[in-house]
Amino acid sequence: MRSALDRLRHAISFEIIALILVIPAGAFLFDVPLRDFGIVGVVSATLATLWNLGYNVIFDLALKRLTGTTLKSRSVRAVHAVAFEAGLLVVLMPFIAWYLGISIWDAFVMDIALAGFYLVYAYAFNLIYDTLFPLPEWAQERPNTARAPT
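Its first residue numbered 1, the sequence shown is counted upward by one per residue in our numbering.
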């Protein structure tokens, strides 16, 4: 399993790269002032980072208990990303509505659009991260073929 420092590097790099992408795009797409969307983005990223740290530890412990490994197939990665975003949606929607002075419905629509972005982003980011920073145990767990796990 990943160390605490590795998980911290993962969570912080995930959020910084996402903010660079999502703040200008979100402000433009939702016609919200850049400053306001930036604050929503930074607060959301902070909450998401805390959720990310706890969620990934719990997910990896559950995965290891169920399968004997933390090596993730593509389908497990998809479940991982969807469950992460669903939990985060519950936390962020009230904050977005309150801060931007919009209805819960408008916040829900905005949050769903952001979750859609983050679903794709989380899948791609985690795949790249695991490629750049593989765990030594995975080399022993992979079959002796060139085919990636599915």
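Each residue gets a CB set at the ideal place from its N, CA and C atoms; glycine is no exception.
Hey, out of the options, whose CA is closest to residue i's CA?
i              : options                       : result
tyrosine 55    : Leu66, His80, Asp31, Ser75    : His80
valine 22      : Thr67, Val120, Val91, Thr69   : Val120
valine 40      : Pro134, Thr131, Asp130, Trp98 : Trp98
isoleucine 20  : Leu53, Ala45, Leu135          : Ala45
tryptophan 51  : Glu85, Ala78, Leu29           : Glu85
serine 75      : Tyr123, Phe14, His10          : Tyr123
glycine 26     : Leu88, Asp130, Leu114, Ile12  : Leu114
leucine 53     : Pro136, Pro24, Leu8, Ala83    : Leu8
tyrosine 61    : Leu127, Phe133, Arg2, Val82   : Sequence check: residue 61 is leucine here, not tyrosine. For the residues Leu127, Phe133, Arg2, Val82, the minimum Cα distance to leucine 61 belongs to Arg2.
glycine 116    : Leu127, Ala4, Leu89, Glu15    : Leu89
proline 94     : His10, Phe133, Asp111         : Asp111
isoleucine 102 : Phe28, Asp36, Leu5, Leu132    : Asp36
alanine 140    : Phe108, Gly68, Phe125, Asn126 : It should be pointed out that residue 140 corresponds to glutamine in this sequence rather than to alanine. Residue Gly68 is the option with its Cα nearest to glutamine 140.
threonine 49   : Ile12, Ala78, Lys64           : Ile12
valine 43      : Thr131, Leu100, Ala83         : Leu100
isoleucine 58  : Thr131, Phe30, Ala83, Gly38   : Ala83
With 16 other CB atoms within 10 Å as the buried threshold, where does residue i fall?
i              : result
threonine 145  : Confidence is the limiting factor: at threonine 145 the pLDDT is only 45, short of 50, which leaves the residue's position unreliable and the question unanswerable from this model.
lysine 72      : buried
leucine 92     : buried
isoleucine 17  : exposed
isoleucine 174 : With the chain running from 1 to 150 in the structure shown, residue 174 is simply not present.
threonine 70   : buried
glutamate 15   : buried
threonine 150  : Annotation note: pLDDT 45 at threonine 150 (below 50); position unreliable, no value reported.
alanine 4      : exposed
Roughly how far, in whole angstroms, is the beta-carbon of residue i from the beta-carbon of residue j, given that I think they are within contact range, below 8 Å?
i              : j            : result
asparagine 126 : arginine 77  : 6 Å
histidine 10   : tyrosine 129 : 6 Å
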